[in-house]
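*Asks:* One structure coming up, written as structure tokens, with questions to follow.
Protein chains: 4
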Amino acid sequence: MPKISDERRAARRTQILEAAWTCFQRRGLHATSMDDIIRAAGLSAGAVYSYFPSKEELILAAVTTSLGNLRALIAPLLAERPLPPPDELVRRIAEVITAYTVHEAYDLRRIALLGWSEAQRNERLRETMRGFYLPFRAVLEEAAAQWRDERVLPEQAATDDVAKLMLSVILGFVVQSAILGDVAPSALADGLRAMLTPQPA
Amino acid sequence: MPKISDERRAARRTQILEAAWTCFQRRGLHATSMDDIIRAAGLSAGAVYSYFPSKEELILAAVTTSLGNLRALIAPLLAERPLPPPDELVRRIAEVITAYTVHEAYDLRRIALLGWSEAQRNERLRETMRGFYLPFRAVLEEAAAQWRDERVLPEQAATDDVAKLMLSVILGFVVQSAILGDVAPSALADGLRAMLTPQPA
Amino acid sequence: MPKISDERRAARRTQILEAAWTCFQRRGLHATSMDDIIRAAGLSAGAVYSYFPSKEELILAAVTTSLGNLRALIAPLLAERPLPPPDELVRRIAEVITAYTVHEAYDLRRIALLGWSEAQRNERLRETMRGFYLPFRAVLEEAAAQWRDERVLPEQAATDDVAKLMLSVILGFVVQSAILGDVAPSALADGLRAMLTPQPA
Amino acid sequence: MPKISDERRAARRTQILEAAWTCFQRRGLHATSMDDIIRAAGLSAGAVYSYFPSKEELILAAVTTSLGNLRALIAPLLAERPLPPPDELVRRIAEVITAYTVHEAYDLRRIALLGWSEAQRNERLRETMRGFYLPFRAVLEEAAAQWRDERVLPEQAATDDVAKLMLSVILGFVVQSAILGDVAPSALADGLRAMLTPQPA
DNA sequence: GATGAATGAGTCTTCATTCAT
DNA sequence: AATGAATGAAGACTCATTCAT
Chain B
832 MPKISDERRA ARRTQILEAA WTCFQRRGLH ATSMDDIIRA AGLSAGAVYS YFPSKEELIL
892 AAVTTSLGNL RALIAPLLAE RPLPPPDELV RRIAEVITAY TVHEAYDLRR IALLGWSEAQ
952 RNERLRETMR GFYLPFRAVL EEAAAQWRDE RVLPEQAATD DVAKLMLSVI LGFVVQSAIL
1012 GDVAPSALAD GLRAMLTPQP A
Chain U
832 MPKISDERRA ARRTQILEAA WTCFQRRGLH ATSMDDIIRA AGLSAGAVYS YFPSKEELIL
892 AAVTTSLGNL RALIAPLLAE RPLPPPDELV RRIAEVITAY TVHEAYDLRR IALLGWSEAQ
952 RNERLRETMR GFYLPFRAVL EEAAAQWRDE RVLPEQAATD DVAKLMLSVI LGFVVQSAIL
1012 GDVAPSALAD GLRAMLTPQP A
Chain W
832 MPKISDERRA ARRTQILEAA WTCFQRRGLH ATSMDDIIRA AGLSAGAVYS YFPSKEELIL
892 AAVTTSLGNL RALIAPLLAE RPLPPPDELV RRIAEVITAY TVHEAYDLRR IALLGWSEAQ
952 RNERLRETMR GFYLPFRAVL EEAAAQWRDE RVLPEQAATD DVAKLMLSVI LGFVVQSAIL
1012 GDVAPSALAD GLRAMLTPQP A
Chain C
832 MPKISDERRA ARRTQILEAA WTCFQRRGLH ATSMDDIIRA AGLSAGAVYS YFPSKEELIL
892 AAVTTSLGNL RALIAPLLAE RPLPPPDELV RRIAEVITAY TVHEAYDLRR IALLGWSEAQ
952 RNERLRETMR GFYLPFRAVL EEAAAQWRDE RVLPEQAATD DVAKLMLSVI LGFVVQSAIL
1012 GDVAPSALAD GLRAMLTPQP A
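So the protein lines, in turn, are chains B, U, W and C.
Just so we're aligned, residue 832 is where the first sequence starts under my numbering, counting upward by one.
Just so we're aligned, residue 832 is where the second sequence starts under my numbering, counting upward by one.
Just so we're aligned, residue 832 is where the third sequence starts under my numbering, counting upward by one.
Just so we're aligned, residue 832 is where the fourth sequence starts under my numbering, counting upward by one.
Spelled out as structure tokens, the structure:
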């Protein structure tokens, strides 16, 4: 038998991963059985196991891929120059997260919550996440420096603290909209702009 | 054994709940077996089941109790008058969350992440959480109104949007400090204050 | 504490037995838990166990008592003189079984089916039943002799075979009316009389 | 292991069913654990569960199959023409029941008692049984009509009542021989013939 | 005597993973 | 390479029985 082409292999991987996402978000990481995924992917057990050697590996891959997709979506927003002000940036990131959610067969926010939860007990997953969020926060810190230079923020503003605040706002948006479901990106942005608006002494 | 006193019953319940918290946060909600909890509580299976009729019920109770404890801790901060400014309020809430974590045998942030994840697939848990976060956000909205009246925020600030932003900041702090573990309450507060500080035109 | 009077003890026993019958017939012998019976009797576990040392004992007592009650009801019918003809006797026995069923809080036929089933795996119960059915069949044999002497049955009729046939008819009535539920005592009697009616050569 | 052939699947099913019959009749329906059956079948838990999704389903299948086998055995006897007289028919049916018992690894009478008992609390089983006994009784009614036409029974005999009587005789034979164990088919037939024999006025 | 909380072995069932074909 | 039947350890939960109070 001829070896399967690399393309086909990659396509299969994606097919499995997408089946996994669908199941995970519907039933959660642990309540989803390998059989659920196998059936959703329309493959055999052996086939799935030839791509992912264990359920843990599949979970890790699913979360890593999600994170990667997210990064690809958000990176351009942070690279834009001139950099939009904080409220505008937050709005656009929130929009990207929401849009992703709607377009694809899975909800990025749900995957995020599942992943964070799982990261509590999975060292490798935790490391993967640190490898994503830490650089992301570093970029936010650069943005903060830019805002400070542009006098959007005060001169003495600690850029690392601003980055932490910004990351919290974004992560919190994910939680809040997943649990309460009524937070529009613009609401978040407007709330933040209210903070930024200078008051008359 | 004759009828046990109400006190002892409550004590046993707490004993089981604490064992559950410990296990849950160590291994996660699903990877924790009832047997783990039973052994951690030092009781028999039957005894545990006479207090909580199922694992789901135990999970629900664990999360609900955590949420209740958290509410009891945060409520006074929001009731204080004069109301501290936004950055100060955020700092104190974050401190309470962090402190709770350290003192008790469980980490409130981990429990929160586990609970959010589980709420995706558990209707009752989701409702319990809505019943907690929605009123909490309503109180934050009152605080926003107060800040607006005190001219801490601009007159035209939408108080509901401010409340959503504030809730995001707090929830995001929980996630960020649970995953990255390097976010001091004061850092968050300082980041937020930077936003609030008026810039010279 | 003064010893409980014998009367009270007997009343308690009956109370427990009746609770057991109710539960058994509703859920079956094995699906009924001791707790079901305990609650139905309105007593404590200890109390029930002071009357019946085990579930098996309780089952045995329940069946034995049922059988005893049945015997008390049927005995007079067989003692009547002149003895009614076979079809009439069958009708009256079937009526007694049906009536018992309706009046009391339990269905004698259901108890019978449960008991027969249980007797398969319970030596003592099987013996108890033999101790009931064997003498009963002996009495039927006496009846057969009487019928033969009265020329209701042919002279050469084997009375033991007739007794076996009669017992089958009665036991079969219990099964058929429990499972199909549409067999009136008179139908059974009429069916039997059709057999007995002499045909013109 | 690739797809198993239909034959092998059917063979496995039978293998499990036979193991179940053996266990059920030895220990009863409820006292038999799935583990008993699994070991008796020489398979793994998963294998058994892939053929029967639950114990209830296995019980239902065991009883249904028994009933089906019984039907296959009895049908020819009722289809014979000329139709044997009632006593002869009963004898042959009783013989078939007894023979089945001896040849196979299970006792049809015991299975019947267990099934009747279980049918009390199992709606589906009850329906299955009605679906078996009602048509069987209908065929007996046809036989009764035939006997009436042949002047074996009186002209005014109610065929439905005769059918009920005949069914009772057969069901009662099952009970009596299972509990008392000393009823030969011929004894039953002879008892019935005694009834049928015309007496001189 | 009575109570009912506690025990813990045993039940049914699931599911990640393997490997014979 | 692919299949999917089979494995069997582990999980949630029940319940007859006991015994400290």
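Where is the CB? At the ideal position from N, CA and C, for every residue including glycine.
So which of U/ASP980, U/ARG957, U/CYS854 has the shortest CA-CA distance to B/ALA1009?
*Replies:* If you number the first sequence from 1, residue 1009 of chain B lands on position 178. The option with the nearest alpha carbon to B/ALA1009 is U/ARG957.
*Asks:* Can you give me the Cβ contacts of U/ARG955 inside the same chain, cut-off strictly under 7 angstroms, excluding the 5 residues immediately before and after it?
*Replies:* Residue mapping note: residue 955 of chain U aligns to position 124 of the second sequence, counting from 1. Correct list, in chain order: LEU891.
*Asks:* Ignore the nearest five residues each way along the sequence and tell me which others in W/LEU904's own chain have a CB closer than 7 angstroms to its CB.
*Replies:* Taking the first residue of the third sequence as 1, we reach residue 904 of chain W at position 73. The answer, listed in chain order, is VAL927, TYR931.
*Asks:* Quick check: the Cα distance between U/TYR964 and U/THR853, rounded to an integer number of angstroms?
*Replies:* The residue labelled residue 964 of chain U in the question sits at position 133 within the second sequence. The residue labelled residue 853 of chain U in the question sits at position 22 within the second sequence. One C-alpha to the other measures close to 24 angstroms.
*Asks:* Give a yes or no on whether 8 angstroms exceeds the smallest Cβ distance from U/TYR964 to chain B.
*Replies:* Working through the second sequence from its first residue, we reach residue 964 of chain U at position 133. Answer yes: the Cβ-Cβ gap between U/TYR964 and chain B drops below 8 angstroms somewhere.
*Asks:* Starting from the beta carbon of W/LYS886, find every residue of chain C whose beta carbon is closer than 9 angstroms, and list them in chain order.
*Replies:* Here residue 886 of chain W refers to the residue found at position 55 when the third sequence is read from its first residue. In chain order: nothing, as chain C lies at least about 12 angstroms away.
*Asks:* State the Cα-Cα distance for the pair W/SER948 and C/LEU945, rounded to the nearest angstrom.
*Replies:* For the purposes of this step, residue 948 of chain W is taken as residue 117 along the third sequence, with counting starting at 1. For the purposes of this step, residue 945 of chain C is taken as residue 114 along the fourth sequence, with counting starting at 1. Using only the alpha carbons, I get a separation of about 5 angstroms.
*Asks:* Considering only their Cβ atoms, is the gap separating U/ALA974 from U/LEU914 smaller than 8 angstroms?
*Replies:* Walking along the second sequence from the start, residue 914 of chain U turns up at place 83. Walking along the second sequence from the start, residue 974 of chain U turns up at place 143. Contact flag set, yes.
*Asks:* So with Cβ pairs under 8 angstroms, would you call W/PRO907 a contact of chain C?
*Replies:* Numbered from 1 along the third sequence, position 76 holds the residue referred to as residue 907 of chain W. Not an interface residue.
*Asks:* Are any of the Cβ atoms in chain W nearer than 8 angstroms to that of C/LYS995?
*Replies:* Here residue 995 of chain C corresponds to residue number 164 of the fourth sequence, with the count starting at 1. Interface residue, yes.
*Asks:* Select from C/ALA1020, C/ASP992, C/LEU909, C/VAL993 the residue whose C-alpha is nearest the C-alpha of C/PHE1004.
*Replies:* Counting from one through the fourth sequence, the residue named residue 1004 of chain C turns up at place 173. Minimum Cα distance to C/PHE1004 is reached at C/ALA1020.
*Asks:* Under 8 angstroms, Cβ to Cβ, is there at least one residue of chain B near U/THR1028?
*Replies:* On the second sequence, position 197 is the one that residue 1028 of chain U refers to. Yes - at least one Cβ of chain B is within 8 angstroms of the one on U/THR1028.
*Asks:* Within 10 angstroms of its Cβ, does U/GLY1022 collect 16 or more other Cβ (buried), or is it exposed?
*Replies:* The residue given as residue 1022 of chain U occupies position 191 in the second sequence. Label assigned to U/GLY1022: buried.
*Asks:* Closest to U/GLN856 by C-alpha separation, out of B/SER1017, B/ARG870, B/LEU898, B/GLN951, would be which residue?
*Replies:* For the purposes of this step, residue 856 of chain U is taken as residue 25 along the second sequence, with counting starting at 1. Looking at the Cα atoms, B/GLN951 is the closest of the given residues.
*Asks:* Please list the partners that B/GLN1007 has in chain U, where partner means a Cβ-to-Cβ separation under 8 angstroms.
*Replies:* One-based indexing of the first sequence puts residue 1007 of chain B at position 176. Ordered by position in chain U, the residues that pass the 8 angstroms Cβ test against B/GLN1007 are TYR964, LYS995, LEU998, SER999, LEU1002.
*Asks:* Could you tell me the alpha carbon to alpha carbon distance between U/ALA1018 and B/GLU911, rounded to whole angstroms?
*Replies:* By one-based count along the second sequence, residue 1018 of chain U stands at place 187. By one-based count along the first sequence, residue 911 of chain B stands at place 80. U/ALA1018 and B/GLU911: Cα-Cα distance of roughly 27 angstroms.
*Asks:* Just verifying my parser: in three-state terms, what is the DSSP assignment at U/TYR937?
*Replies:* For this step, residue 937 of chain U is matched to residue 106 along the second sequence. U/TYR937: coil per DSSP, three-state reduction.
*Asks:* Using a Cβ-Cβ cut-off of 7 angstroms (strictly less than) and excluding sequence neighbours within five positions of B/LEU939, which residues of its own chain qualify?
*Replies:* By one-based count along the first sequence, residue 939 of chain B stands at place 108. Closer than 7 angstroms at the Cβ level, and outside the excluded window around B/LEU939, lie SER897, LEU901, ILE928, TYR931, THR932.
*Asks:* In chain U, which residues lie less than 8 angstroms from B/ARG858 when you measure between Cβ atoms?
*Replies:* Here residue 858 of chain B corresponds to residue number 27 of the first sequence, with the count starting at 1. Those within 8 angstroms of B/ARG858 in chain U are ARG952.
*Asks:* Using a C-beta to C-beta distance shorter than 7 angstroms, which residues of chain W count as neighbours of C/ALA988?
*Replies:* Translated into positions along the fourth sequence, residue 988 of chain C becomes position 157. Near C/ALA988 (Cβ distances below 7 angstroms), the residues of chain W are ALA1025.
*Asks:* Is C/LYS834 helix, strand or coil by DSSP?
*Replies:* On the fourth sequence, residue 834 of chain C is found 3 positions in, with the first residue counted as 1. In the structure shown, C/LYS834 sits in coil (DSSP, three-state: anything other than H, G, I, E or B).
*Asks:* Anything in the segment 908 to 926 of chain B with a Cβ closer than 8 angstroms to a Cβ of chain U? List those residues in chain order, please.
*Replies:* Of all residues in the segment 908 to 926 of chain B, PRO917 have a Cβ within less than 8 angstroms of some Cβ in chain U.
*Asks:* Can you have a look at B/MET832 and say buried or exposed, based on whether 16 or more other CB atoms are within 10 angstroms of its CB?
*Replies:* The sequence position of residue 832 of chain B within the first sequence is 1, counting from 1. Model confidence at B/MET832 stands at a pLDDT of 43, short of 50, so the residue's coordinates are unreliable; what they give is reported in the following sentence. Exposed is the call here.
*Asks:* Which chain W residues are close to C/MET960, counting only those with a beta carbon under 7 angstroms from its beta carbon?
*Replies:* The sequence position of residue 960 of chain C within the fourth sequence is 129, counting from 1. Within 7 angstroms Cβ-Cβ: ILE1010.
*Asks:* I want to verify the contact list: residues of chain B whose CB lies under 9 angstroms from the CB of U/PRO1016, in sequence order.
*Replies:* Counted from its first residue, the second sequence places residue 1016 of chain U at position 185. In chain order: nothing, as chain B lies at least about 11 angstroms away.
*Asks:* Taking the C-alpha atoms as reference points, what is the distance between W/ARG843 and W/ALA851?
*Replies:* For the purposes of this step, residue 843 of chain W is taken as the residue at position 12 of the third sequence. For the purposes of this step, residue 851 of chain W is taken as the residue at position 20 of the third sequence. Spanning the two alpha carbons is a distance of roughly 12 angstroms.
*Asks:* Run through chain B and tell me which residues come within less than 7 angstroms of U/ARG941, C-beta to C-beta.
*Replies:* Here residue 941 of chain U refers to the residue found at position 110 of the second sequence. The contacting residues are GLN951.
*Asks:* Taking the alpha helix (DSSP H) that U/ARG968 falls in, what are its first and last residues?
*Replies:* Position 137 of the second sequence, counting from 1, holds the residue named residue 968 of chain U. Run containing U/ARG968: 954 to 980, per the alpha helix (DSSP H) assignment.
*Asks:* Rounded to whole angstroms, what's the CA-CA distance from W/SER878 to C/ALA871? Just pull it up for me.
*Replies:* Translated into the one-based positions of the third sequence, residue 878 of chain W becomes position 47. Translated into the one-based positions of the fourth sequence, residue 871 of chain C becomes position 40. Reading off the sequence, residue 878 of chain W comes out as Ala, not Ser. C-alpha separation (whole angstroms): 40 angstroms.
*Asks:* Since W/TRP852 meets chain C, which of its residues come closer than 9 angstroms, beta carbon to beta carbon?
*Replies:* Here the question's residue 852 of chain W lines up with position 21 in the third sequence. Neighbours of W/TRP852 on chain C: none; closest Cβ ~13 angstroms, over 9 angstroms.
*Asks:* Report yes or no: is there a C-beta of chain W within less than 8 angstroms of the C-beta of C/SER864?
*Replies:* In the fourth sequence, residue 864 of chain C corresponds to position 33, counting from 1. Chain W, which has no Cβ nearer than 8 angstroms to the Cβ of C/SER864, makes this no.
*Asks:* Which term fits C/LYS995, buried or exposed, when burial requires 16 or more other beta carbons within 10 angstroms of its beta carbon?
*Replies:* Your numbering for residue 995 of chain C matches position 164 in the fourth sequence. Buried.
*Asks:* Any beta-carbon of chain C closer than 8 angstroms to the one on W/LEU889?
*Replies:* Here the question's residue 889 of chain W lines up with position 58 in the third sequence. It does not: the Cβ of W/LEU889 has no partner Cβ on chain C nearer than 8 angstroms.
*Asks:* Show which residues of chain B have a CB atom less than 9 angstroms away from the CB atom of U/GLY899.
*Replies:* One-based indexing of the second sequence puts residue 899 of chain U at position 68. Under the 9 angstroms cutoff, chain B gives no residues; its nearest Cβ is about 17 angstroms from U/GLY899.
*Asks:* From the DSSP output, in three-state form, read off C/ASP992 for me.
*Replies:* To locate residue 992 of chain C, count along the fourth sequence from 1; it is residue 161. Reduced to three states, the DSSP call for C/ASP992 is helix.
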